[in-house]
Each structure stands twice: as structure tokens, then as C-alpha cells.
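555 is the number of the first residue of the sequence shown in our numbering; add one for each residue after it.
Backbone N, C-alpha and C define an ideal beta-carbon position, used for all residues, glycine too.
These notes concern the structure reproduced below.
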Amino acid sequence: MTYYRRVGEVPPKRHTQFRRPDGGLYREELMGEEGFTSDSSLLYHAGVPSAIVDSRVWELPDLATKANHPLTPRHLKLHGLFADLDWKSQDAVTGRRLLLGNADVRLSYVWAGEESPYYRNAIGDECVYVESGTARVETVFGVLEARPGDYVLLPRATTHRWIPTGDTPLQAYCIEANSHISPPKRYLSRYGQFLEHSPYCERDLHGPEEPYVREGEDVEVLVKHRGQGPAGIVGTRMVYATHPFDVVGWDGCLYPYTFNVSDFEPITGRVHQPPPVHQVFEGTNFVVCNFCPRKVDYHPLAIPVPYYHSNVDSDEVMFYCGGDYEARKGSGIGLGSISLHPGGYAHGPQPSAIEAALGAEYFDELAVMVDTFRPLELGEAGIASDDGVYAWTWAGRRAT
């Protein structure tokens, strides 16, 4: 995060005595990035945040991946992944199924109706897009309320849990980084303020408003961390002597927050604008963009759908989550679809979509795109949801 917040009770001077009503000391915890040289927050615990009473293996869901070889564009139909499962017994942490991944980022999908265990990702930041449903996200910093269209940004090592709150499943698209995820640097001043050309600003980011203090003993937290497993990731079940949500106050520039896609102000032009104008976040070796409902190109001869383009440096993953995506008409793609267009392959609109879009003034579409700068491999859910025919839709046939 990039700007200062203060929630609950904190002492007037950092690293000084701050006492409980009974005279005991609150324990100060510094949660910071990049070895004390980047954003951080100070949290004040009633208990000892290091006090664990047990540590044992957490067997993670299948994180193995398979190379996309031979090189093939793909259509993943996500809603079918959970059609035969009881989503009411699934949770938003252990129920995730891996779609695509590389050494920098993993993309997974889940339907959930059950509250999750307490969870901490010690590998990198998480950016969870809520496709449908609602949830209460309880964190060590306080509570976030998540609704459809929200990105929920959770900094690395934030202890939290997901509690679905509606009568329909929480449907979530999970972007798990091996790095931090933040607004693009070009949107920010040298001091971290959003600039005037940014398509969103601080007013659109919603962090916890008050502490969420809980008591308890022997509280289990599932921790995902580095080790000798698939993608270098393993899991541990840590049991804490006191509840991790015992924070009476915190302040700083590092904390979880939500940002709703409806607050993104699309940048448009007289002719077609390139994908970077749709960027919303960035991580190491990947970016996140959102394609929102918007007025389109107003040159009298404009072609509103994208031109064909070669991803010479990246793989492009598009998650279609609202409206009617013009460029993919005739391909079989619909709501709940993902398209993967790998680097080394020139892609663009279905041929019939070009003429059909001429004269359009507005696109009612919503998609979340992740572009990676290393090739993506297929996870078990990516293999299970692949429709097997998307690659041949531009030609209208497959060679025999």
C-alpha cells in the first residue's frame, strides 16, 4: 500500500512503552517489506505474536504444473470445475484449484460456502477478485467486506480468513504472487500519491476501519511458505498460544484493502488504446489489467476491437466475468471463461467480430487480464477445464 492509516489505539511514539489497562505491556510487531527498507506497519498485540505451541505439515492441494507444449492457445471453462462439487462444504483457501502458474504467479479459482481456516501466505501478496457472492474477510488488521467486483489485496504474511456471507457461492479468482502487488509506479508520485492521470485514487481504496480483537488459545493458522515442494511451496499448520487477532491498534502504510472494479475510470481514445491503459496492479514479472464497460474509439473509421498482436514478451490470460466480450464472439467464450494466449503466438479478435464491431460506441464488457513475462504452465484445474477446440476457432477447422 502507499499511504498512511491509523486504526485503533497506538502510542504517541513508536518503539516505546504502551500498556494494557492491567499495566502489562502490549507487544509491538513490525510488519514490513524488503528488509526494513519499504512499506511497513506497526501492530500492537495483547499477546506474544511469536508464541506457538505446535507446528506440523499442511498437505497442500495439487500445485504441480505441466508445460503448455505444443504451444496452444486455450479456453478454460471455470464454472464447470465446481458443477459436481458441494460448494457449501468448500472454503476459499483449501478449496482453490490451480489453473495456471509459473515462478512468479499462480492463478486459481474457487467456489466457497464454508468459512476458511485462518491462513497466511508467506510466499507473496494475494490479489483475489470476487466474481460473484459476498464475504467477510477477517484479518489481523481488521475486517474487510468483499462484494462482487472487488479486488481484495492481502499483503504477504497477513493472517486472515474468508467467511462467505450470502446464499450463493463465493466465486473467486485468486492471483497469488511470489512478490508484492501494488498500483503501477507510473500512477504514483515519488512520494506514493496517486497522480491525476491515474484511473483510480486513494478514495477508491477501502482498508479496515477499526480493530477486530479476538481472544482464544491454541489457534491453528495454515501457513503457505517456501520449501521443497511443487513450485518451491510447502504448507505448515502453526498453532498459536493466543489468538492472532489480538491487535488493539496499528498504523503505517502496509495493510489489506479492497478496490472495486466499478471505481476504475477507463481511459479511451479516438483510436484503439493499447492494453497498458487498462492496468490496475503490477507484481514482479506480471501485471493485472481490467477491461471495463466504456465508450469506445470515436475516429470515424475506427475499428473498436483489438488489432492482432504478438505477445513477444508475455503470456496473456483473460478472465471474462461480466457483460458481452466483443472480440471473442464466435469462439465459445462466455462468462466464467479464461483465454490463454501464450507468447510466441499472434492473436486477436475472431474474424467475424471485426466487422460486427464497426460503428459501436460502447462496449458492455468486464474482464480481468494477467500478463506474465515468463511462460505459464497448466495446473490440474487448467487441464480439467480446457475445452480442447478454442485454438482452431480462428480458422474454423482443424487439420486432418
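Discussion item. So the candidates are 824, 826, 761, 609; which of them puts its Cα closest to the Cα of residue 558?
Written reply: 761
Worksheet item: At which residue ranges does the segment 805-883 contain complete beta strand (DSSP E) runs of 3 or more residues, listed in the order of the chain?
Response: 811-814, 833-837, 840-845, 869-877
Discussion item. So for residue 716, helix, strand or coil by DSSP?
Written reply: strand
Worksheet entry | Close-in-space but distant-in-sequence residues of the same chain around residue 722 (CB under 6 Å, 5 per side omitted) | 687
Practice prompt. Give the single residue among 860, 922, 826 whose Cα lies nearest to the Cα of residue 815.
Written response: 922
Item to complete: Could you name each continuous beta strand (DSSP E) segment of 3 residues or more that falls completely within the segment 563-614, going from the start of the chain to the end?
Response: 581-586, 594-599, 606-612
Item to complete: Give the DSSP bridge partners of residue 654, in chain order.
Response: 661, 932
Practice prompt. Have a look at residue 844 and residue 832 and give me their C-alpha separation to the nearest angstrom.
Written response: 6 Å
Worksheet item: With burial defined as no fewer than 16 other Cβ atoms inside 10 Å of the residue's Cβ, what is the status of residue 939: buried or exposed?
Response: buried
Worksheet item: To which residues does DSSP link residue 681 through a beta bridge?
Response: 707, 729
Worksheet item: Whose C-beta lies closer than 6 Å to the C-beta of residue 728 among residues of the same chain, with five residues either side of it excluded?
Response: 650, 662, 682
Item to complete: In angstroms with no decimal places, state the Cα-to-Cα distance between residue 672 and residue 777.
Response: 9 Å
Worksheet entry | Backbone secondary structure at residue 686 - three-state DSSP | strand
Worksheet item: Where do the ends of the alpha helix (DSSP H) carrying residue 911 lie?
Response: 905-911
Item to complete: Note down, in chain order, each residue of its chain lying with its Cβ closer than 7 Å to the Cβ of residue 803, except the 5 sequence neighbours on either side.
Response: 561, 562, 563, 564, 598, 765
Fill in: C-alpha gap between residue 885 and residue 946, whole angstroms
9 Å
Fill in: Alpha-carbon spacing of residue 689 relative to residue 696, whole angstroms
14 Å
Worksheet item: So is residue 712 buried or exposed if we call it buried at 16+ other beta carbons inside 10 Å?
Response: buried
Discussion item. Using 8 Å as the cut-off, can you tell me whether the segment 915-935 makes contact with the segment 860-876, which would need three or more C-beta pairs spanning the two stretches below that distance?
Written reply: yes
Practice prompt. Sort out for me which residues DSSP pairs residue 675 with in a bridge.
Written response: 778
Worksheet entry | Straight-line gap, residue 735 to residue 952 (C-alpha atoms, nearest Å) | 40 Å
Item to complete: Say whether the segment 614-627 touches the segment 902-913, bearing in mind that this needs 3 or more beta-carbon pairs closer than 8 Å, one atom from each stretch.
Response: no
Practice prompt. For the beta strand (DSSP E) holding residue 925, just list the boundary residues, first then last.
Written response: 919-926
Worksheet item: Among residues of its own chain, excluding the 5 on either side of residue 932, which ones have a beta-carbon nearer than 7 Å to its beta-carbon?
Response: 619, 620, 622, 654
Worksheet entry | Exposure label - residue 837; buried when at least 16 CB within 10 Å | buried
Discussion item. Mapping the DSSP letters down to three states, classify residue 885 as helix, strand or coil.
Written reply: coil
Worksheet entry | Beta-carbon separation (whole angstroms), residue 929 vs residue 896, contact threshold 8 Å | 7 Å
Discussion item. Please report the distance separating the alpha-carbon of residue 856 from that of residue 702.
Written reply: 33 Å
Worksheet item: Helix, strand or coil for residue 560 per DSSP?
Response: strand
Worksheet item: Which residues in the same chain have their Cβ closer than 8 Å to the Cβ of residue 639, if we skip the five residues on either side of it in sequence?
Response: 665
Discussion item. In whole angstroms, give me the CA-to-CA distance for residue 769 and residue 797.
Written reply: 5 Å
Worksheet item: Three-state secondary structure (DSSP) at residue 666?
Response: strand
Item to complete: In the DSSP assignment, find the beta strand (DSSP E) that holds residue 943 and state where it starts and stops.
Response: Note, residue 943: premise wrong, no beta strand (DSSP E); not H, not E.
Worksheet item: Rounded to a whole number of angstroms, what is the C-alpha to C-alpha distance between residue 749 and residue 602?
Response: 40 Å
Fill in: Three-state secondary structure assigned by DSSP to residue 632
helix
Worksheet item: Which term fits residue 590, buried or exposed, when burial requires 16 or more other beta carbons within 10 angstroms of its beta carbon?
Response: exposed
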